[in-house]
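**Student:**
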Amino acid sequence: MEAVDLRKGLITTINTLPADMLEELNKFLSFLEYTNLSNTDGSKEEILQNIETSAKEMQKIKEGTLKARSANEFLNEL
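Numbering (our numbering), first residue to last: 5 to 82.
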């Protein structure tokens with residue numbers, strides 16, 4: 005899948021999320037931006053794959069086939 009297709013798919017998925025999930029996603033992305041500054045050993049392909057996986061997981065959460073976790077639960081795992 006090309007980067008343009010990935011980007012379109014990600015934008016489409018994000019645009020269909022409810023407001024509360026968008027807030028959680030924003031918090032998570034802010035956290036990723038912080039960790040990205042300290043951890044730059046991931047390849048571009050690996051990063052794109054992780055974004056695609058995340059988008060698929062968000063879609064499953066929306067469909068109800070995967071249970072969502074709160075940001076606090078996620079951070080407690082770290």
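By construction, the Cβ of each residue, glycine as well, lies at the ideal position given by its N, Cα and C atoms. These numbers come from a predicted model, not from an experiment.
#1: Taking 7 Å as the threshold (C-beta atoms), are LYS31 and ALA72 in contact?
#2: Cβ of THR17 within 7 Å of Cβ of GLN63?
#3: Let me know the beta strand (DSSP E) ranges lying completely inside the segment 42-78, each 3 residues or longer, listed in chain order.
#4: So what does DSSP say about THR20, is it helix, strand or coil?
#5: Measure the alpha-carbon distance for ILE55 versus ALA23 and round it to whole angstroms.
**Tutor:** Result, derived from the coordinates:
#1: In the sequence shown, counting from the first residue as 1, residue 72 sits at position 68. In the sequence shown, counting from the first residue as 1, residue 31 sits at position 27. Going by C-beta atoms, ALA72 is not nearer than 7 Å to LYS31.
#2: Start at 1 with the first residue of the sequence shown, and residue 17 comes out as number 13. Start at 1 with the first residue of the sequence shown, and residue 63 comes out as number 59. Closer than 7 Å, so yes.
#3: none
#4: Taking the first residue of the sequence shown as position 1, residue 20 is located at position 16. Coil at THR20, not helix or strand.
#5: Counted from its first residue, the sequence shown places residue 55 at position 51. Counted from its first residue, the sequence shown places residue 23 at position 19. Taking the straight line joining both Cα atoms gives about 20 Å.
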